[in-house]
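Line by line, the protein sequences give chains U and G.
Under the working numbering, the first residue of the first sequence is numbered 1, with each subsequent residue one higher.
Under the working numbering, the first residue of the second sequence is numbered 1, with each subsequent residue one higher.
What follows is a set of notes on a single structure, which appears directly below.
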Amino acid sequence: MKNYVQLYRQFAERIKENSATVLNKFRDASFAEFEQKGFPDKKTEAYLNSSLIETLNTDYDVKIHQLDIDTSQNQLFQCKIPSINAALGFMLNDKFYMADDQRRSLPEGVEFCALSDAERLYPEVVGRYLHTLSDKSRDAMTAFNSTFVQNGYFIYVKKNTVADKPLQLINMLLSEAPMIAFTHNLIVVEQGASLQLLVCDHAEEGVDFFASKVTEVVVGDGARFEYYSLENTTRKANNLMQMFVTQGNNSQVIVNNLLLLNAVSRNQITADIDGENASLFLGGMLISDGTQEAENNTIIRHNQPNSTSNELFKYILDERSHGIFSGIIVVEKDAQKTLSRQTNKSICLTPEAVVNSRPQLEIYADDVKCGHGATTGQLDNEALFYMKQRGIDQDTARMMLLSAFVQDVIDEIHIDVLRDKMKDMIDRRLRNDHSHCEDCFVHRME
Amino acid sequence: MLKIKNLHASVNGKEILKGINLEVNKGEIHAIMGPNGSGKSTLSSVLVGNPAFEITEGSIEFMGKNLLELSPEDRACEGIFLSFQYPVEIPGVSMTNFMRAAINAQRKYKGLDPISPADFLKLMREKQSLVELDNKLAGRSVNEGFSGGEKKRNEIFQMAMLDPKLAILDETDSGLDIDALRVVAHGVNSLKSPENASIIITHYQRLLQYIIPDYVHILYKGQIVKTGDKSLALELEQKGYDWIKN
């Protein structure tokens, strides 16, 4: 494994010079923590079953300064969701880019820019929230990110602003040689405001990548935030997404992770429900094959009474792929009348596919309703036969059953055109249509 | 239409059917009765190609074709329909999508274009009323949360939609109250034509008061031991299965 400690010692000054200034404040402390802890190993409880750390054995380039990527042609990408009409930004490795016309189309009261610009434009907001949530992380990988990260995106929705169109962020990993890319992102949705965000992950074919993202999300009282992530990269792109959410009174948050293609991907979400009468949907689905590994590792903490959380993850695993779910729900002593449900269901299409599911509840309050369930099984042969008896062929019947299996996750997409597009993409993915570079709804133009 | 000759079938190595001979012609209704474990449901499973059963001997010919060479879906497309004893719940697949997929699969098999949305809706409405099924059914998942009676009526509804040449009703009367039984029987009777045929598998004579069979066969220990007309069912009801066993 590359010696990242040595690397940092050697280049610390240059990393700081090229970084958003605000991130430097936390760098040395993060480095000290990372140096002390090192990478998690197989004995680390939170990384049980995960092979993410092994993917760091690849000799990735660490970019000490941002790559200069030509963004002059804003036709570089094209969105194929018909009429999604989102304000579109890009994260090219760790460089934020938004075309002028897109910038002009931002709804009133909504900011979407690089963290390095935000520290200049909104120093107070950035100063108030940055690192407040991620610093609570005990995970050495968060410290690893904070040691090397230089930039990220910033989304700010001002008080009582209801964004009349979604924002879309396309993460694009571009490099000729294996590369590790770090971003630290901050999303602030103030009191009474509302935002839908779609994040799409893409990567250049044939190159090994490791993307390390830390995203902090602050959702104010009465605010609504919807986050949809669509991971459709390559069999060489590894991903670690660490998201930290805090939500206030009467707020609503939806986090829905849709994963279609990757190498090893770990989505780690920590949600603190810090308000009363708040609701959280945290869920996702994944379809994997080959040697893909995908993990959702979640912690939901109910810190206040009368709130609701619904956690729902559905996995479809083919060939030798590996799915991991670890879900911890903590209901603190004061969080009476909490309503919480956790579900993880998986279908293994082959005997070689593996699922590790670890549902965990920690309940310290005595008047709550919490339930959890985890099932792993095969496609229902009785249902399959029933459908064939009506004349439906094996492939179609299988497709219908698998689409139906993930339907309740897809129903939690509240952007109509995206939901329709997802259904279509899932159908194609189930038909083993891997020509996603050409057909995926976001693709790179020649 | 259907010619079964010396059919032997086993499940998990255990022989259940031990030489069945049966011929069904179009326009006919055949009832198959018999005690528990006599092989009634095995016969229906074998006819529709359930992979759990192994044919060890004999032949089945349907409309001049060797049925045993056809996949379950092709048998369905050739016009064989089974009303399941235990209809399967399919969460997440709506009745509408299920029926559309089935109809279009069968149309494709016959070289026809998919049914138009307007014709499909019309057909759904028409056939729903035949078995007095609620309109809301269309949006619901297949059999999910249906009562026992609704499930059986839903089977007859699907039969009406698909218009099979040969319908096999496997214990369709079990678990039905008298009203539901009447509705199901009415559905089956109105679908009867000189061109199609039915095999009705039942424990009791009750259903045969509503659907009058042309032939009644008694299955016992994997063989048809007696064949007669509808009066055989009545006789059986009076004397019980011990009459056969002895």
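From the three backbone atoms N, C-alpha and C, an ideal C-beta is built for every residue, glycine too.
Can you tell me where the beta strand (DSSP E) with residue 300 (chain U) in it begins and where it stops? 293-302
Residue-level contact to chain U via CB, residue 27 (chain G), 8 Å cutoff: no
Based on the DSSP output, what are the partners of residue 267 (chain U) in its beta bridges? U:241, U:296
For residue 400 (chain U), would you say it is in contact with chain G, using Cβ-to-Cβ distances shorter than 8 Å as the test? yes
Any beta carbon from chain G within less than 8 Å of residue 448 (chain U)'s own beta carbon? Since the first residue shown for chain U is 1 and the last is 446, residue 448 (chain U) is missing from the structure and cannot be characterised.
Inter-residue Cα distance where the pair is residue 204 (chain G) and residue 210 (chain G): 12 Å
Evaluate residue 158 (chain G) with the Cβ neighbour count: other Cβ atoms within 10 Å of its Cβ, from every protein chain shown; 16 or more gives buried, anything less gives exposed. buried
Taking the CB atoms as reference points, tell me whether residue 154 (chain U) and residue 118 (chain U) lie closer together than 8 Å. yes
Nearest-angstrom Cα separation, counted from residue 360 (chain U) out to residue 425 (chain U): 32 Å
Rounding to the nearest angstrom, what Cα-Cα distance links residue 109 (chain G) and residue 393 (chain U) in this structure? 10 Å
Taking only three categories from DSSP, how would you classify residue 41 (chain U)? coil
Is there at least one Cβ from chain U nearer than 8 Å to residue 211 (chain G)'s Cβ? no
Beta carbons nearer than 7 Å to chain U: which residues of the segment 39-71 of chain G have them? 48, 50
Expressed to the nearest angstrom, what Euclidean distance is found between the alpha-carbon atoms of residue 142 (chain U) and residue 219 (chain U)? 21 Å
Under 9 Å between beta-carbons, which chain U residues line up against residue 84 (chain G)? List them in chain order, please. 386, 389
Using CA coordinates, which residue listed in U:411, U:315, U:400 is at the minimum distance from residue 431 (chain U)? U:400
When you check each C-beta in the segment 284-299 of chain U against every C-beta of chain G, which residues fall closer than 9 Å? none
Minimum C-alpha distance to residue 335 (chain U) - residue among U:272, U:377, U:293: U:272
Own chain partners of residue 197 (chain U) with C-beta closer than 6 Å, once the 5 adjacent residues on each side are dropped: 167, 227
Evaluate residue 139 (chain U) with the Cβ neighbour count: other Cβ atoms within 10 Å of its Cβ, from every protein chain shown; 16 or more gives buried, anything less gives exposed. buried
Closer than 8 Å by beta-carbon distance: list the chain U residues that pair up with residue 115 (chain G), in chain order. Simply none; closest approach about 13 Å.
Residue 217 (chain G) lies in the alpha helix (DSSP H); which residues open and close that run? Residue 217 (chain G) -> not in any alpha helix (DSSP H); beta strand (DSSP E) instead, spanning 215-220.
Considering just the uninterrupted stretch of the beta strand (DSSP E) at residue 84 (chain G), what are its terminal residues? Note, residue 84 (chain G): premise wrong, no beta strand (DSSP E); not H, not E.
Residue 393 (chain U): contacting residues in chain G (beta-carbon distance under 7 Å): 73, 105
With DSSP run on the structure shown, which of helix, strand or coil describes residue 231 (chain U)? strand
Alpha carbon to alpha carbon, how far is residue 39 (chain U) from residue 7 (chain U)? 15 Å
Under 8 Å, with one C-beta from each stretch per pair, do the segment 346-361 of chain U and the segment 42-51 of chain G reach the 3-pair mark? no
Cβ atoms of residue 218 (chain G) and residue 169 (chain G): under 8 Å apart, would you say? no
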